[in-house]
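One structure is given here, and the rest of the page talks about it.
2 protein chains.
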Amino acid sequence: MKARVLIRPKEGILDPQGQVVERALPALGFEGVSNVRVGRMVELELEDTAGIEEMCERLLANPLIEDYEVLLLEPAADPAS
Amino acid sequence: MKARVLIRPKEGILDPQGQVVERALPALGFEGVSNVRVGRMVELELEDTAGIEEMCERLLANPLIEDYEVLLLEPAADPAS
Numbered sequence: 001m002k003a004r005v006l007i008r009p010k011e012g013i014l015d016p017q018g019q020v021v022e023r024a025l026p027a028l029g030f031e032g033v034s035n036v037r038v039g040r041m042v043e044l045e046l047e048d049t050a051g052i053e054e055m056c057e058r059l060l061a062n063p064l065i066e067d068y069e070v071l072l073l074e075p076a077a078d079p080a081s
Numbered sequence: 101m102k103a104r105v106l107i108r109p110k111e112g113i114l115d116p117q118g119q120v121v122e123r124a125l126p127a128l129g130f131e132g133v134s135n136v137r138v139g140r141m142v143e144l145e146l147e148d149t150a151g152i153e154e155m156c157e158r159l160l161a162n163p164l165i166e167d168y169e170v171l172l173l174e175p176a177a178d179p180a181s
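Protein sequence lines, in the order shown, are assigned to chains A and B. Each residue of the first sequence is one higher than the one before, counting from 1 in my numbering. Each residue of the second sequence is one higher than the one before, counting from 101 in my numbering.
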């Protein structure tokens, strides 16, 4: 089973990377972009999905300042890009 | 329109963060996890989606070593978490 974990700064927590991107875009000619938030994505293959929430709490995210979201993907997802 | 950009190391490109996570998990008691890849996620609000690919190429991702995927989300997505 393949899983994707999305980790983002909690609402109200400063996101300096997002601010930098938001300020850089108009300088590159991209207008009309707002609310930029930069987070992390972890993709992994699991034999068993039971432990995934605990994995997020203990290693993948910092629950004090980050929210996480677990998405279970197709078992045989083949991202042919 | 809200968009989510997923950025991951290209196949074959070393992913040191992913390796660290993969090695740390068994030490924490999580077995059966493989193929860990750590990437980034950028979420933003766009007035117009036309420029998003170019934004990825020029600022959000490094196309030499990273693949990106653009997901357009619901216009009024409200992640009430």
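Glycine included, each C-beta is placed from N, C-alpha and C at the ideal position.
To the nearest angstrom, how far is it from the Cα of residue i to the Cα of residue j?
i, j, result
"A/L6", "A/M55", "13 angstroms"
"A/L73", "A/R4", "7 angstroms"
"A/L46", "A/E69", "16 angstroms"
"B/L114", "B/A124", "17 angstroms"
"A/P16", "A/F30", "19 angstroms"
"A/L59", "B/E157", "30 angstroms"
"A/E22", "B/E122", "32 angstroms"
"B/D148", "A/D48", "41 angstroms"
"B/P126", "A/P26", "45 angstroms"
DSSP three-state call for residue i: helix, strand or coil?
i, result
"B/M101", "coil"
"B/G112", "coil"
"B/G54", "Since the first and last residues shown for chain B are 101 and 181, residue 54 of chain B lies out of range."
"B/D167", "strand"
"B/E147", "coil"
"B/L159", "helix"
"A/E25", "Before going further, note that residue 25 of chain A is Leu rather than Glu in the sequence given. Residue state, collapsed to three classes: helix."
Sort the options by Cα distance to residue i and report the nearest one.
i, options, result
"B/A161", "B/R123, B/M141, B/P126", "B/M141"
"A/A50", "B/L144, B/V133, B/Q119, B/L171", "B/V133"
"B/V138", "B/V170, B/E111, B/R158", "B/E111"
"A/L28", "B/L125, B/L164, B/I152", "B/I152"
"B/L171", "B/E143, B/P163, B/P109, B/P126", "B/E143"
Residues in the same chain with beta-carbon distance under 6 angstroms from residue i, minus the five sequence neighbours each way, listed in chain order, please.
i, result
"A/G18", "V36, R37, V38"
Is it right to say residue i is buried, meaning 16 or more other beta carbons lie within 10 angstroms of its own, or is it exposed?
i, result
"B/L164", "exposed"
"A/V20", "exposed"
Which residues in the same chain have their Cβ closer than 7 angstroms to the Cβ of residue i, if we skip the five residues on either side of it in sequence?
i, result
"B/D167", "R108, K110"
For residue i, return the contacting residues in chain D, with the cut-off set at a CB-CB distance below 9 angstroms.
i, result
"B/A161", "Reference to chain D is not applicable here, since the protein chains of this structure are A and B."
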